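J.: One structure, as structure tokens, below. Some questions next.
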Amino acid sequence: MTDLLRIEDLAVEYKTRRGTARGVDNVSLNLEENKTLGLAGESGCGKSTLGRSIMRLVPYPGKIVNGKIDLLLHEDIVFPKGVIEKGFVNIMDLNEEELRALRGKEIAYIFQDPMTSLNPMITVETHFQEIMKAHDPDIKKEEALDRAQEILDGLGISPERITDYPHQFSGGMRQRVMIGLGLALRPKLLIADEPTTSLDVIVEAQILEEMAELKELFNLTMILITHNLGVLAQTADDIAIMYSGRIMELSPTEALFEDPLHPYTQALLESVPDVSKPDKKLSWIPGAPPDLVDPIPGCMYNPRCKHTMDICKTTQPGLIMNDEERLVACHLFGGEK
Amino acid sequence: MSQQAKAISGVFYFLIPTSGDWKEKSRNFLIGLSIVLIGVLVIVASFIGLALRSNSGIGIWVVGYTILCAFIILIAGAYRRFKLHEGLITPTRGWFLITVVFIVLGMISALVGFFWIPEEAASLSSALVGGGTVLGVIVILLYDVFPQLQDRGSAGYVTMTGLMIVLAIVYMTVVSWWIVPYDPTRLDVGPYGAPPSAQFPLGTTSLGQDLLSRTIAGGGIMLQVALISVVVCFSIGVPLGLGASYRGGNVDKVISLVMDSIFAFPGLVLAIAIAAMLGPGVVNMALAIAVVYIPSYFRVVRSQVLTVKELPYVEAAIVMGARDRDILFRYVLPNVLPSAIVVMSINFADAILTAAGLTFVGLGLPVTVPDWGWDLTFGSHQYIAGKWWVITYPGVMIVILALGFTLAGEGLNEILTPRLKE
Ligand SMILES: Nc1ncnc2c1ncn2[C@@H]1O[C@H](COP(=O)(O)OP(=O)(O)O)[C@@H](O)[C@H]1O
Ligand SMILES: [Mg+2]
């Protein structure tokens, strides 16, 4: 399988009044085509920042200070002011016009809050029309309408409702509309940033199910960002665990749940409630993540870790690959990179 | 429903007992309807009454002619609706038809005015064309737009009331010259400062002008000033606010600074200073008011844009690769416009009051021009002597006109925001 996305040494900094915070610190990862990568970790560990970096949409005052983001294009992207040739393109090298052509067309991004992600002043149809027109100025109105209705139908929204305004839809339906909008142009990569966090559990399950189906249907590659490991257990092929802007562990889903390597992953899994084992004692991780503005030396997790050694307090562990081809950043697993 | 019933719409719809049982309609509604009908009757009767005593001698014919125009437009509207029900024309073509009727009627009216009294062709033609058009618009609003506005609940009624007030005053102003009992520009048509009497129903001014004539004709200046200043303000303030804040950076800082420094002056004082600089005249007055109001638009639009452009749906649009112009005109502008329209309604109302203020301090117009502001100015001196009528009637007219604009603006604002539709 070929990689669709290769991120190398990505670093994002937020310049704040208190100092510079590294939202994402030296992250490297490869994403194979048609796979789903789960991105998990506590709030504030840099999941959204990483996701947005791929779109080059880090919110002010954030800035990508280092790194390469290579995306594989299967076809040339033609837009009014030029062409992006197929093959790997480094998203960091693209200008605004090229980015615009890429956004929506190759990469779709779905936000957490569907209630505010749709323009209250225009109908759902207009949303679809505009997005399609933006990428294909010659598209006919009827054709765009047909396609939009087809997509909505596939998401379980009756096509007549396309003339409705966003406020006439429920939260779950709005998120479906957002997903539909994201997929309207058949992108290759879908980044979903906590797409179901603001929805209730039943709707959450439905939407995740639909997304899994759509993924098959459209041959999507997905990055699913969440703080809910349970969600990832069903949907992700691989899971990356993030902590303080770094990737701590990247393993296939099954392996990660069965035999978590990193102490942080272990602690995270212990804090997930499990209905089938009501006797299991829920634990939490004592302490809080370190301040990103004033990072501590060594491994960022060392003050909270059960296995802290001397080296942990001085040297930052790099991501290393163990013999099962799993990646982990911890001195317990020895070896130099 | 019978064929004729299909063509009955708007307020006229309520004139047919649909279920054959009037009791089913709420009593409140019937009371409301009778108030409206009585109001309309009083207005029509007073127009006709005035027209019969008109100074020009042909007042009744002018009013009659415009009513005839409105009637023709009503028939055209009914025809359109009828065809629409039959499925013979599309709504767009229907409106096209109405527009054509308006244009043809306008041209005919211009010709009628020209041949009727050739010496006064210009003013008669404009009265006929303007009066016919305004009455036609009123009819179309009541007949075709009313049902749609009604769906929007109270906001629809508020808008309608506001529009009706404004249009009624516009109509009165347009045909005023032909229906006034005395020449409003002439001095000494009656005694000085006489109280209301049979001959001068609203009394006379201290210069011996007929107050009724001046009250009827005095809206023109106000309306022109208000309209010009609002158009100027809106078309400068809104794009400026939009552009500056959307792009941000130094341009935004400089423009904001200029706007804030204008804003720092008290409005009327600044308007007086500018009007004094430019000299008297309708356009100058409008410009003076416009300068005062541009910062209001700018500020409201700017602060709104700053909020709106950070909203998730704008970001969602960027993420989907939307074009800049779509984001600006489809996402930002529509969400900003309602606030600009609120400012507009306040601006309209305030422009009228400021225009009155400018005339009040003598920077408006010469005494012969009928203008409510002028009468207020003069009346204020007379009021002390117990001559209440000299300021009451022009004052009331100014308040009504300002009220009309405010109601229309408020209602429109609510209607234009789909969020509030439910
Ligand atoms: N707009 C911002 N300004 C300053 N710092 C920010 C901003 N957004 C995020 N950060 C910093 O980046 C870190 C990662 O944030 P984020 O990517 O949103 O985390 P997550 O999505 O995992 O909850 C946060 O801990 C915060 O310190
Ligand atoms: Mg987040």
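In the order they appear, the protein sequences are chains C and E. Numbering of the first sequence is given in numbering that gives the first Met the number 0, commencing with residue 0 and proceeding in unit increments. Numbering of the second sequence is given in numbering that gives the first Met the number 0, commencing with residue 0 and proceeding in unit increments. Positions of the beta carbon are idealized from the N, C-alpha and C atoms, including for glycine. Everything numeric in this text was worked out from a predicted model, so none of it was measured.
#1: Tell me G105 (chain E)'s beta-bridge partners as DSSP assigns them.
#2: Could you give the residue range of the beta strand (DSSP E) that holds E7 (chain C)?
#3: Compare the C-alpha of D71 (chain C) against each of C:G37, C:L180, C:D24 and C:D2 and name the closest.
#4: Any chance the CB of L180 (chain C) is under 7 Å from a heavy atom of ligand 1?
#5: Give, in chain order, every residue of the region 323-334 of chain E whose Cβ lies closer than 8 Å to some Cβ of chain C.
#6: Check each residue of the region 108-131 of chain C: if its Cβ is closer than 7 Å to any Cβ of chain E, include it; give the result in chain order.
#7: Measuring alpha carbon to alpha carbon, tell me which of E:A167, E:Y170 and E:L210 ends up nearest V188 (chain E).
#8: Check the Cβ of L56 (chain C) against every Cβ in chain E and list those closer than 9 Å, keeping chain order.
#9: Taking 6 Å as the limit between beta carbons, can you name the residues of its chain near M177 (chain C), skipping five residues before and five after?
#10: Mind listing the chain C neighbours of P90 (chain E)? Cutoff is C-beta to C-beta under 9 Å, in chain order.
#11: Per DSSP, M241 (chain C) forms a beta bridge with which residues?
#12: Report the option in C:D24, C:E209, C:A191 and C:P136 whose CA atom is closest to the CA atom of G317 (chain C).
#13: Quick one: is L310 (chain E) near chain C, going by C-beta distance under 8 Å?
#14: On the CB-based measure, 16 or more other CB atoms within 10 Å of its CB, does K85 (chain C) come out buried or exposed?
#15: Kindly provide the ranges of any beta strand (DSSP E) runs that are 3 or more residues long and lie completely inside the region 18-45 of chain C, ordered along the chain.
#16: Flag G103 (chain C) as yes if its beta-carbon sits less than 8 Å from any beta-carbon of chain E, otherwise no.
#17: Which residues of chain E have a Cβ atom closer than 9 Å to the Cβ of L180 (chain C), listed in chain order?
#18: Please classify K62 (chain C) as buried or exposed, where buried requires at least 16 neighbouring CB atoms within 10 angstroms.
#19: Look up T203 (chain E) in the DSSP assignment and say whether it is helix, strand or coil.
#20: Which residue comes first and which comes last in the alpha helix (DSSP H) that contains L357 (chain E)?
#21: Using 8 Å as the Cβ pair cut-off and three pairs as the minimum, do the region 318-325 of chain C and the region 248-261 of chain C touch?
#22: Whole angstroms are fine: how far does the CA of Q381 (chain E) sit from the CA of T358 (chain E)?
#23: Taking Cβ positions only, does A147 (chain C) come closer than 8 Å to chain E?
#24: Are there any heavy atoms of ligand 2 lying less than 7 Å away from the beta-carbon of D112 (chain C), as far as the coordinates show?
#25: Please list, in chain order, the residues of the region 66-99 of chain C that have any C-beta partner in chain E closer than 7 Å.
#26: So the beta strand (DSSP E) L70 (chain C) belongs to, where does it begin and stop?
#27: Return yes when the Cβ of Y170 (chain E) is within less than 8 Å of the Cβ of L141 (chain E), no when it is not.
#28: CA-CA distance, R329 (chain E) and V307 (chain E)?
#29: Run through DSSP, which three-state label would R51 (chain C) get?
#30: Under three-state DSSP, which class holds N321 (chain C)?
#31: Hey, how far is the Cα of M241 (chain C) from the Cα of Q128 (chain C)?
#32: Which value, in whole angstroms, describes the spacing of the CA atoms of I295 (chain C) and R55 (chain C)?
#33: Starting from the beta carbon of H134 (chain C), find every residue of chain E whose beta carbon is closer than 7 Å, and list them in chain order.
#34: To the nearest angstrom, how far is the alpha carbon of A355 (chain E) from that of P365 (chain E)?
#35: Where P311 (chain E) and V331 (chain E) are concerned, what is the direct C-alpha to C-alpha distance, given to the nearest angstrom?
#36: How long is the line joining the alpha carbons of A4 (chain E) and G86 (chain E), rounded to whole angstroms?
T.: According to the data block:
#1: Looking at the DSSP assignment, G105 (chain E) forms no beta bridge with any residue, so it has no partner.
#2: Looking at the DSSP string, the run of the beta strand (DSSP E) that includes E7 (chain C) is D2 to T15.
#3: It is worth fixing the name first, because residue 71 (chain C) is Leu in this sequence and not Asp. The shortest C-alpha separation from L71 (chain C) is found at C:D2.
#4: Taken from the Cβ of L180 (chain C), every heavy atom of ligand 1 lies 7 Å or farther away.
#5: Under the 8 Å Cβ criterion, the region 323-334 of chain E contributes D325, R329, Y330, P333 and N334.
#6: Shown in chain order are the members of the region 108-131 of chain C whose Cβ falls below 7 Å from a Cβ of chain E: Y108, F110, D112, T115, S116, L117, N118, P119, M120, I121, E129 and I130.
#7: The closest CA to that of V188 (chain E), considering only E:A167, E:Y170 and E:L210, is found on E:L210.
#8: Within chain E, the residues placing a beta-carbon under 9 Å from that of L56 (chain C) are E314, I317 and V318, ordered along the chain.
#9: So the qualifying residues of the chain are I109, P113 and S116.
#10: For P90 (chain E), no chain C residue has a C-beta closer than 9 Å to its own C-beta; the minimum C-beta separation is roughly 15 Å.
#11: Answer is C:I246, bridged to M241 (chain C).
#12: Of C:D24, C:E209, C:A191 and C:P136, the residue nearest in Cα terms is C:D24.
#13: Yes, L310 (chain E) counts as interfacial toward chain C.
#14: Label assigned to K85 (chain C): exposed.
#15: Fully enclosed beta strand (DSSP E) runs of 3 or longer: 18-31 and 35-39.
#16: Closer than 8 Å to some Cβ of chain E, the Cβ of G103 (chain C) qualifies, so yes.
#17: A315 and M319, listed in chain order.
#18: A residue is called buried when at least 16 other Cβ atoms come within 10 angstroms of its Cβ; K62 (chain C) does not meet this threshold and is exposed.
#19: Look at T203 (chain E) here: in three-state DSSP terms it is strand.
#20: From DSSP, the alpha helix (DSSP H) with L357 (chain E) extends over L332 to F359.
#21: Yes, they touch.
#22: Straight-line measurement puts the Cα of Q381 (chain E) at about 16 Å from the Cα of T358 (chain E).
#23: In terms of beta-carbon proximity, A147 (chain C) stays away from the interface with chain E, with every pair separated by 8 Å or more.
#24: In this structure, D112 (chain C) has its beta carbon at no less than 7 Å from each heavy atom of ligand 2.
#25: Listed by position, the residues of the region 66-99 of chain C near chain E (Cβ gap below 7 Å) are R99.
#26: It spans G61 to L72 - the beta strand (DSSP E) in which L70 (chain C) sits, taken as one unbroken run.
#27: Not closer than 8 Å, so no.
#28: About 12 Å.
#29: Secondary structure of R51 (chain C) (DSSP, three-state): helix.
#30: Coil, per DSSP.
#31: Spanning the two alpha carbons is a distance of roughly 38 Å.
#32: Near 28 Å, if we compare the C-alpha coordinates of R55 (chain C) and I295 (chain C).
#33: Chain-order list of chain E residues neighbouring H134 (chain C): G320, by C-beta distance under 7 Å.
#34: Those two C-alpha atoms are separated by around 13 Å.
#35: Approximately 12 Å between the Cα atoms of the pair.
#36: The predicted model places A4 (chain E) with a pLDDT of 48, which falls under 50 and marks its position as unreliable, so this point remains unresolved.
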